[in-house]
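Taken in order, these protein sequences are the chains called A and P.
For the first sequence, my numbering assigns the number -10 to the initial residue and increments by one for each residue that follows.
For the second sequence, my numbering assigns the number 6 to the initial residue and increments by one for each residue that follows.
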Amino acid sequence: MTAAGACSLCLALAFASHALAAFEVRDATPAALGAASLDLASDPFFTSAGYSASTSHTTLYQSDGLTSERAAVAFAGRSARLVATWNQLGFPGAREHVLRLDIEETGTRAVLLSMVAERLALALDGEPSRGGLTAGISILARVTLPRGSLECVLAGDRLARTGGLDGLGVEPSVPFALRLRSGAIALAWMDRWEPSGRASPRLVLDLALGRAARVRMARGMKPERSGAAIAIRRGRLEVSAGRLDLDKGGTVGGVGLALVSPDRGGRGGRP
Amino acid sequence: MLLRVVLFGALLFALASTARADLVLNEVLYDPDGADDGREFVELWNPDSIAAPLTGVALETSDGARPGAWTVLWRADAGDVAAPHAPFLVGGDQFLAALQNGPDAIRLTRAGAVLDLLGYGDLADPGQYEGAPASDAGSGSSVARVADGLDTGSNRDDWAVEAEPTPGVANHPDARLRFGRARPTLSPSVCWPGEPLTARANVRNSGRLPLAGSQWRLVGELEGTASWEPGAVVAGVTLAPGESASVSLSWMGPASGALRVRLRLEGAEDALADTTMTWLRSVAAPVVLSEIAFRNTGSGEWIEIWAREAVDDVGALTVADAVSSPRPVDRGAAPRGLRPGDYLVIAQDPAAVRSRYGLPDSAVVGVIGGWPSLNDGGGPGSAADLVALALADGVPADAMSYTGDATVRDGTLERLSFDLPSGDPGSWSECVAPDGATPGRANSLHAPGGPLVGGHALLVAGARVLSVHAREAVPIVFRATEAAHGRRLTVRVHDLLGRPVRTLTEGQRLATDAAFVWDGSDDAGVPAPAGLYVVQAEALPEDGVAPLRSSLSIAVAGGRP
Chain A
-10 MTAAGACSLC
0 LALAFASHAL
10 AAFEVRDATP
20 AALGAASLDL
30 ASDPFFTSAG
40 YSASTSHTTL
50 YQSDGLTSER
60 AAVAFAGRSA
70 RLVATWNQLG
80 FPGAREHVLR
90 LDIEETGTRA
100 VLLSMVAERL
110 ALALDGEPSR
120 GGLTAGISIL
130 ARVTLPRGSL
140 ECVLAGDRLA
150 RTGGLDGLGV
160 EPSVPFALRL
170 RSGAIALAWM
180 DRWEPSGRAS
190 PRLVLDLALG
200 RAARVRMARG
210 MKPERSGAAI
220 AIRRGRLEVS
230 AGRLDLDKGG
240 TVGGVGLALV
250 SPDRGGRGGR
260 P
Chain P
6 MLLRVVLFGA
16 LLFALASTAR
26 ADLVLNEVLY
36 DPDGADDGRE
46 FVELWNPDSI
56 AAPLTGVALE
66 TSDGARPGAW
76 TVLWRADAGD
86 VAAPHAPFLV
96 GGDQFLAALQ
106 NGPDAIRLTR
116 AGAVLDLLGY
126 GDLADPGQYE
136 GAPASDAGSG
146 SSVARVADGL
156 DTGSNRDDWA
166 VEAEPTPGVA
176 NHPDARLRFG
186 RARPTLSPSV
196 CWPGEPLTAR
206 ANVRNSGRLP
216 LAGSQWRLVG
226 ELEGTASWEP
236 GAVVAGVTLA
246 PGESASVSLS
256 WMGPASGALR
266 VRLRLEGAED
276 ALADTTMTWL
286 RSVAAPVVLS
296 EIAFRNTGSG
306 EWIEIWAREA
316 VDDVGALTVA
326 DAVSSPRPVD
336 RGAAPRGLRP
346 GDYLVIAQDP
356 AAVRSRYGLP
366 DSAVVGVIGG
376 WPSLNDGGGP
386 GSAADLVALA
396 LADGVPADAM
406 SYTGDATVRD
416 GTLERLSFDL
426 PSGDPGSWSE
436 CVAPDGATPG
446 RANSLHAPGG
456 PLVGGHALLV
466 AGARVLSVHA
476 REAVPIVFRA
486 TEAAHGRRLT
496 VRVHDLLGRP
506 VRTLTEGQRL
516 ATDAAFVWDG
526 SDDAGVPAPA
536 GLYVVQAEAL
546 PEDGVAPLRS
556 SLSIAVAGGR
566 P
């Protein structure tokens, strides 16, 4: 599986052209806003075993009616995690709809894989609905250090696409992350490389404030932006809020609510 | 011996002084600019220290081709008196005969005795000049004594051409400031309330001494209901004798209407004062330019006008470009009016426009005197030509200038709203109708109307979905709200990740209403792909006023293939 994923990734990079289109926003939850990473699937604030359900609402750029709503259900077992997500983004008369399924390997192995499948649909007033299916893959490599761990994540996002997405300019890209974890702190350098050569690097800092609170801050480039988020878990309830500010103007703010299984411990997650 | 010479000289001087103490000719304007219309004049000068009665004084003229024949031009009325060391002006309406252009001669007589004689031009008969004839003056110039009242007996030496005639005042003054002959220009000639307005005039130092900038200033005034209202003042500039300078002053466009603009030169001396006037229109009316076909795409050039107010007779309208004289609209044999809201096409080739667009005869007219060919050249961003509509009395109705690259698909240039300032390029956009033009009917693109007040929104959009199909887009028109007026505005389009796509305007001060068009392309002109975008407007901070931001989300349908 690892070899197949690597091959797919290479092929995607070789044949990809450009990316700038619909469905560029993958995640607008507080966790993503805190990482200044609307274009990447977010790393959850807390890891949870068992079932969880979450929802979030995000307002983008104070533009009347431009919002993102998201609902997700997840099940984390001993060796895998399954997440199903519904997301809509847009304003009255123009909506992107995304159904997403993530299957992730979990555990303590040095290399973990995950796969993603999406159904994308763009609905605009007066226009026929357009969309299609995509699939991607992600590889996480972990090295244990004396006082923490170093993780490297390389993904092939939307490596496979159905023809309906051609006219929407949905193209593959390569998310990349290098994360250093030590105690209550995690520092990550993340990016998403596009076939056009465009990148948008960001530095993300996660702080665990005890067992019940997490703070995430980030600074990104191209475009210059800053993110901040906080999440608090009490019992089975998790609330979060995040904000992303573009230096040239424009703010994205969101809140999230999650219901999780009784805490069995653990911290961090995977990108 | 020396004493005898001195005494003899003194006697001659005394005799000469006595002989020359009577009136002399001092300045003659025989060929004013344009029609004479009674603007000719002859100025006499009394060199004596006491007033000189003009009893028996007359002016006579002689044609250079008919020496010896003198015609009485003017006779003084009983009681006429010339003040000491002062001019006495005889105006054209007092003349009994026409004052001919040179070569010619004029003489001043008292009871038949010749007091003075001036010959100008190429004269052969010595009886028509003193010593040698003076130079002939061109149209608009006079011949004037080099020094008031000084007569040495040689016309050639005593007289010089004066480019700016000085009737009733001293010739060739030390200090004199005058506007140039060309009328002052206003930019824009049709403005909008609050829009910056620049008046420009040429000023010439026609005195004999240099003028410091501190000695004079230019004052602009607007015609009010009962008086002239101050507009702007600008300090003078240093001018050497004979030097001209283009001087400008700026102020804000007044409330709507047509009014005169008066420019005045002010100085410490009367000789530094001059006045000139022109017309200004604030808010285009009674007719408004609606569509411009400045490229001939098979049916000639044409413009479409829209009546904001009723017009009794379109024959009273004129059309001009930047260089042509105004051409009256050819409305046919009978007067023809326009009702408010009517469209009318004025075309280089009315028959061709009617035929191509299926318009009735009444919808298209031509002009009298030849179409003012509209230039469509010029480099990117540089003005190609001007279209000016005016009323027959010269009062402007509307005017707009355009650049050669204002259209890229051979479409016409359409006005996005009749409420948008004519001179702002953002008020115009290329027609997106299938045949590239909409003569005689509403334009294909419109700036959004409706309420533009209240709230903190800086922009409103005419649509929220921009359709791009087969690489042809129907642009979205954005209009600035009142919250943006007077502010410096930057409008950018970015994607949902905040990555810049297109800058629509950067730091432009919105003196008044304004519109912006996005055709769905990025800054490189490449159509953006389908998806959601954010149009962000920012009123920049200045003078202690906080910045203001607002966003609009829009969608592009179709997009890059």
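Here a beta-carbon is modelled for each residue, glycine too, at the ideal position from N, C-alpha and C.
Would you kindly report the start and end of the unbroken alpha helix (DSSP H) that includes residue i?
| i | result |
| --- | --- |
| residue 19/A | 19 to 23 |
| residue 163/P | 160 to 163 |
Per DSSP, what are the beta-bridge partners of residue i in this structure?
| i | result |
| --- | --- |
| residue 123/A | 107/A and 150/A |
| residue 1/P | An answer regarding residue 1/P cannot be provided, because it is not within the stretch 6 to 566 covered by chain P. |
| residue 419/P | 296/P and 434/P |
| residue 279/P | 270/P |
| residue 371/P | 335/P |
| residue 62/A | 42/A and 73/A |
On the DSSP letters alone, give me the boundaries of the beta strand (DSSP E) that residue i sits inside.
| i | result |
| --- | --- |
| residue 362/P | That residue, residue 362/P, is in no beta strand (DSSP E); its alpha helix (DSSP H) goes 355 to 362. |
| residue 234/A | 226 to 235 |
| residue 541/P | 536 to 544 |
| residue 246/A | 240 to 249 |
| residue 406/P | 401 to 408 |
| residue 149/P | 147 to 150 |
| residue 500/P | 493 to 500 |
| residue 86/A | 83 to 94 |
| residue 105/P | Careful: residue 105/P lies outside any beta strand (DSSP E) and carries neither H nor E. |
| residue 309/P | 307 to 312 |
| residue 75/P | Where residue 75/P is concerned, there is no enclosing beta strand (DSSP E), given that its DSSP letter is neither H nor E. |
| residue 481/P | 481 to 485 |
| residue 195/A | 191 to 198 |
Taking Cβ positions only, does residue i come closer than 8 Å to chain P?
| i | result |
| --- | --- |
| residue 114/A | yes |
| residue 85/A | yes |
| residue 132/A | no |
| residue 14/A | yes |
| residue 52/A | yes |
| residue 165/A | no |
| residue 235/A | yes |
| residue 19/A | no |
| residue 111/A | yes |
| residue 184/A | no |
| residue 242/A | no |
Tell me the DSSP secondary structure of residue i in three-state form.
| i | result |
| --- | --- |
| residue 32/P | strand |
| residue 638/P | Any answer about residue 638/P is impossible in this case: the structure gives chain P only from 6 up to 566. |
| residue 511/P | strand |
| residue 53/A | coil |
| residue 242/P | coil |
| residue 68/P | strand |
| residue 220/P | helix |
| residue 554/P | strand |
| residue 470/P | strand |
| residue 319/P | helix |
| residue 155/A | helix |
| residue 97/P | helix |
Would a check of beta-carbon distances place residue i closer than 8 Å to chain A?
| i | result |
| --- | --- |
| residue 365/P | no |
| residue 316/P | no |
| residue 500/P | yes |
| residue 539/P | yes |
| residue 549/P | no |
| residue 507/P | no |
I'd like to confirm something about residue i: is its beta-carbon nearer than 7 Å to some heavy atom of the ligand NAD, or not?
| i | result |
| --- | --- |
| residue 124/P | Within the structure as shown, the ligand NAD is missing, as the structure has no ligands at all. |
Is the Cβ of residue i closer than 8 Å to any Cβ of chain C?
| i | result |
| --- | --- |
| residue 484/P | No chain C is present in this structure, whose protein chains are A and P. |
Notebook entry, point to check: Should the segment 479 to 496 of chain P be called in touch with the segment 174 to 182 of chain P, which here means at least 3 C-beta pairs below 8 Å?
Noted result: no
Checklist line | Inter-stretch contact (C-beta, 8 Å, three-pair minimum) for the segment 76 to 83 of chain A and the segment 31 to 39 of chain A | finding: no
Item checked: contact_flag[the segment 214 to 228 of chain A, the segment 524 to 540 of chain P] where n(CB pairs < 8 Å) is 3 or more -> no
Check: Just checking, does the segment 377 to 387 of chain P make contact with the segment 250 to 267 of chain P on the three C-beta pairs under 8 Å criterion?
Finding: no
Check: Do the segment 412 to 427 of chain P and the segment 344 to 351 of chain P make contact, defined as three or more Cβ pairs closer than 8 Å?
Finding: no
Margin query: With a threshold of 8 Å, are at least 3 pairs of Cβ atoms found where one atom belongs to the segment 161 to 171 of chain A and the other to the segment 137 to 150 of chain A?
Written below: yes
Notebook entry, point to check: Quick check: the segment 204 to 221 of chain P against the segment 144 to 158 of chain P, are there 3 or more CB pairs under 8 Å?
Noted result: no
Next item on the list: Report yes or no: do three or more beta-carbon pairs, one from the segment 311 to 328 of chain P and one from the segment 396 to 414 of chain P, lie closer than 8 Å?
Entry: yes
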